[in-house]
Amino acid sequence: MSIAGRILLADDEADFLSATSVFLRSRGYVCDCVQDAIVAAQKLREQEYDLLISDIEMPGNENLALIRSVPQLVEGLPIILATGRPSVETASQSFQLSVVAYLVKPIHPDALLDVVARAVERHRAFRAISNSRRHLQNTMTDLERLESYMRTQSGSASPPWSAFPAMTLQSILDSLKDLQNYTEVIAEQKTMNKESSAPLVCAVQETIAILEKTKTAFKSKDLGDLRRRLETLMQQNSTKEK
54 MSIAGRILLA DDEADFLSAT SVFLRSRGYV CDCVQDAIVA AQKLREQEYD LLISDIEMPG
114 NENLALIRSV PQLVEGLPII LATGRPSVET ASQSFQLSVV AYLVKPIHPD ALLDVVARAV
174 ERHRAFRAIS NSRRHLQNTM TDLERLESYM RTQSGSASPP WSAFPAMTLQ SILDSLKDLQ
234 NYTEVIAEQK TMNKESSAPL VCAVQETIAI LEKTKTAFKS KDLGDLRRRL ETLMQQNSTK
294 EK
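Those letters in the sequence shown? Residues 54 to 295, by our numbering.
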């Protein structure tokens with residue numbers, strides 16, 4: 054069974070941890086379990102997760118301290134709060150902290166699975182597009198360095214092709230791999246709305262621009278074919294939206 058996502062469960066109730074982790078693992082998720090907020094924060098620093106499911110009243114989480122620290126630990130990580138003692142105060146705080154769900158124990162398995170699946174899909178898409186943008190930005194920086202070098206040489210010397218092209222092309226390939234991961238995440242969903250497709254469209258457009266900019270420097274039939282396929286994809290997407 055393929056890995057559906059990586060989840061950190063933080064709760065001081067051993068029975069809840071055991072039952073929830075067994076259930077989610079049976080659905081393809083990888084789960085790590087901790088019983089206090091301090092260990093949970095350490096796990097978030099050391100490992101990469103797609104979702105945090107956290108209790109409210111557990112050691113180290115006074116005034117939702119763990120939840121408040123998550124944005125500084127992991128950008129964009131979705132959080133599901135699970136509690137056996139719901140209150141207006143904690144519910145209000147959770148919404149202010151952009152928690153994706155506030156669930157009251159005992160939690161129905163189907164309801165939990167639905168929220169978990171949507172949260173994990175969203176975070177995987179967020180992470181893929183963030184990686185793609187970072188690689189694209191690195192590629193543009195490389196290209197600017199190359200252009201600057203070629204201007205200063207005034208055509209009297211050849212650029213350092215032995216090192217630079219490999220570095221730039223690897224950045225492009227990394228970006229395309231991220232785009233592939235992102236489209237696979239979107240494909241798992243039933244529909245692609247405008248909100249979810251916008252980052253993909255933007256990233257594809259940026260990739261096309263880079264491939265166009267490098268076509269004279271890097272003579273590659275494969276890259277040229279790739280650029281044309283991406284342009285066709287964008288044209289088809291534009292036609293569907295009309």
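Glycine included, each C-beta is placed from N, C-alpha and C at the ideal position. Just so it is clear, the structure is predicted and the values come from calculations on it, not from any experiment.
Inset, instruction - Pull up the distance between the alpha-carbon of Asn114 and that of Ile120, whole angstroms please. - result: 8 Å
Inset, instruction - Leaving out five residues on either side along the sequence, give the residues of the same chain with a beta carbon under 6 Å from the beta carbon of Gln88. - result: Asp65
Inset, instruction - Kindly confirm or deny that the region 139-146 and the region 93-100 touch, where touching means at least three C-beta pairs closer than 8 Å. - result: no
Legend entry - Cβ-based neighbour list, Thr136, same chain, cut-off 6 Å, excluding 5 preceding and 5 following: Ile109
Legend entry - Exposure label - Thr73; buried when at least 16 CB within 10 Å: buried
Legend entry - Sub-7 Å separation of Leu70 and Leu62 beta-carbons: yes
Inset, instruction - Give me the Cα-Cα distance between Ile160 and Val168, rounded to the nearest whole angstrom. - result: 11 Å
Legend entry - Residue burial classification, Ala67 (beta-carbon count within 10 angstroms, cutoff 16): exposed
Inset, instruction - State the Cα-Cα distance for the pair Glu1 and Asn184, rounded to the nearest angstrom. - result: Lying outside 54 to 295, the shown extent of the chain, residue 1 is not represented and no answer is given.
Inset, instruction - For the alpha helix (DSSP H) holding Asp68, just list the boundary residues, first then last. - result: 67-79
Legend entry - Gly58 classed as buried or exposed, judged by whether at least 16 other C-beta atoms fall within 10 angstroms: buried
Legend entry - For Asp108: DSSP bridge partner residues: Ala135
Inset, instruction - Please determine, among Ile91, Gln190, Ile106, the residue with the shortest C-alpha to C-alpha distance to Arg82. - result: First, the amino acid is wrong: residue 82 is Tyr here, not Arg. Ranking Ile91, Gln190, Ile106 by Cα distance to Tyr82 puts Ile106 first.
Legend entry - Assigned exposure category for Ile56 - 16 Cβ within 10 Å defines buried: exposed
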